[in-house]
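Residue numbers (this note's numbering): 6 to 234.
Ideal Cβ positions, reconstructed from N, Cα and C, are used throughout, including at glycine.
For reference, the structure discussed in these notes is given below.
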Ligand SMILES: Nc1ncnc2c1ncn2[C@@H]1O[C@H](COP(=O)(O)OP(=O)(O)O)[C@@H](O)[C@H]1O
Ligand SMILES: [Mg+2]
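See the structure below:
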């Protein structure tokens, strides 16, 4: 599902953000990417959605070669991936329904299918009753549920999340993680970058740790990571 071999990435300012990263993720896995601020987590995440291209090394996602990929093929890659960011990136003047519907429309879903799918996926994240609200009328946790619904709507095989609980309190974070777990149990692969130790410790999933751009730990059934990371 994800095959990354000996990947390097240096930014134009000379910062080596990723250094010789090799990582394989199979279908259905739940993988935490952990590490201190600046360790390279977001760079890795952006690489998986082809926002950033490796300087060297190989990278395949869902069978597609992201190094050789042409710009016009990027939308096909992204259709198979649901992305969740820390800062929600919602359309704040539009309803919860529209936020999810727009995402489906741009990927070419038919109106008929959108009408069926949007309530279904909002129900899944516990927002079945809030379709008509705008994000402004929702709490931070509810807003993040909308982004989860939006990410899930197109039935992606992978959900990629960059610090999805970064702006949430512990209780709300736990609720979001419950949804993530359910999504994973239903078969969706999850890659989640975070530095929330409590969450990583409590979920006991695979933990990949980065430090200064290097992969320093890859532990199945993780459950903890070293403070020094
Ligand atoms: N667009 C950029 N230009 C230059 N340096 C960057 C850029 N984005 C990130 N960096 C640097 O690359 C390193 C890794 O950053 P990042 O991947 O954002 O780490 P993390 O998400 O783990 O905090 C940091 O040193 C950061 O300052
Ligand atoms: Mg980051």
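Checklist line | Nearest to residue 170 (by Cα), restricted to the options 58, 89, 43 | finding: 89
Checklist line | Straight-line gap, residue 65 to residue 58 (C-alpha atoms, nearest Å) | finding: Residue 65 and residue 58 have their C-alpha atoms roughly 12 angstroms apart.
Notebook entry, point to check: Thinking C-beta only, is residue 163 closer than 8 angstroms to residue 85?
Noted result: yes
Next item on the list: Would you decide whether residue 97 is buried or exposed? Buried here means 16 or more other CB atoms lie within 10 Å of its CB.
Entry: exposed
Margin query: Closer than 8 angstroms is the cut-off here; do at least three beta carbon pairs connect the segment 26-36 with the segment 120-127?
Written below: no
Check: Hey, would you say residue 23 sits closer than 8 angstroms to residue 192, going by beta carbons?
Finding: No; because the gap between Cβ atoms is not below 8 angstroms, this pair is not in contact.
Next item on the list: Classify residue 102 as helix, strand or coil using the three-state DSSP reduction.
Entry: helix
Next item on the list: Tell me, please, which residues DSSP counts as bridged to residue 167.
Entry: DSSP lists 90, 198 as partners of residue 167.
Check: With C-beta atoms as the reference, is residue 141 less than 8 angstroms away from residue 105?
Finding: no
Checklist line | For residue 216 and residue 234, the rounded distance between their alpha carbons | finding: With a pLDDT of 44 at residue 234, under the threshold of 50, the modelled position of this residue cannot be trusted; read the value that follows with caution. The straight-line gap from Cα to Cα measures roughly 6 angstroms.
Next item on the list: Alpha carbon to alpha carbon, how far is residue 55 from residue 63? Give it in angstroms, no decimals.
Entry: Straight-line measurement puts the Cα of residue 55 at about 13 angstroms from the Cα of residue 63.
Checklist line | Of the residues 223, 210, 12, 201, the one placed nearest residue 42, counting alpha carbons only | finding: 201
Margin query: Please tell me whether, using a cut-off of 7 angstroms, the distance from the CB of residue 47 to the nearest non-hydrogen atom of ligand 2 is below it.
Written below: yes
Next item on the list: Could I get the ranges of all uninterrupted beta strand (DSSP E) runs contained in the segment 30-71, with 3 residues as the minimum, in chain order?
Entry: 35-39, 61-66
Next item on the list: Express the C-alpha separation of residue 82 and residue 67 in angstroms, rounding to a whole number.
Entry: Distance from the CA of residue 67 to the CA of residue 82, rounded to the nearest whole angstrom, comes to 8 angstroms.
Item checked: Alpha carbon of residue 120 to alpha carbon of residue 6, nearest angstrom -> 30 angstroms
Next item on the list: Determine the contact status of residue 33 and residue 87, defining contact as a CB-CB distance below 8 angstroms.
Entry: no
Check: Any chance the CB of residue 167 is under 7 angstroms from a heavy atom of ligand 2?
Finding: yes
Item checked: Any non-hydrogen atom of ligand 2 within 7 angstroms of residue 198 CB -> yes
Next item on the list: Please find out if some non-hydrogen atom of ligand 1 comes closer than 7 angstroms to the beta-carbon of residue 214.
Entry: no
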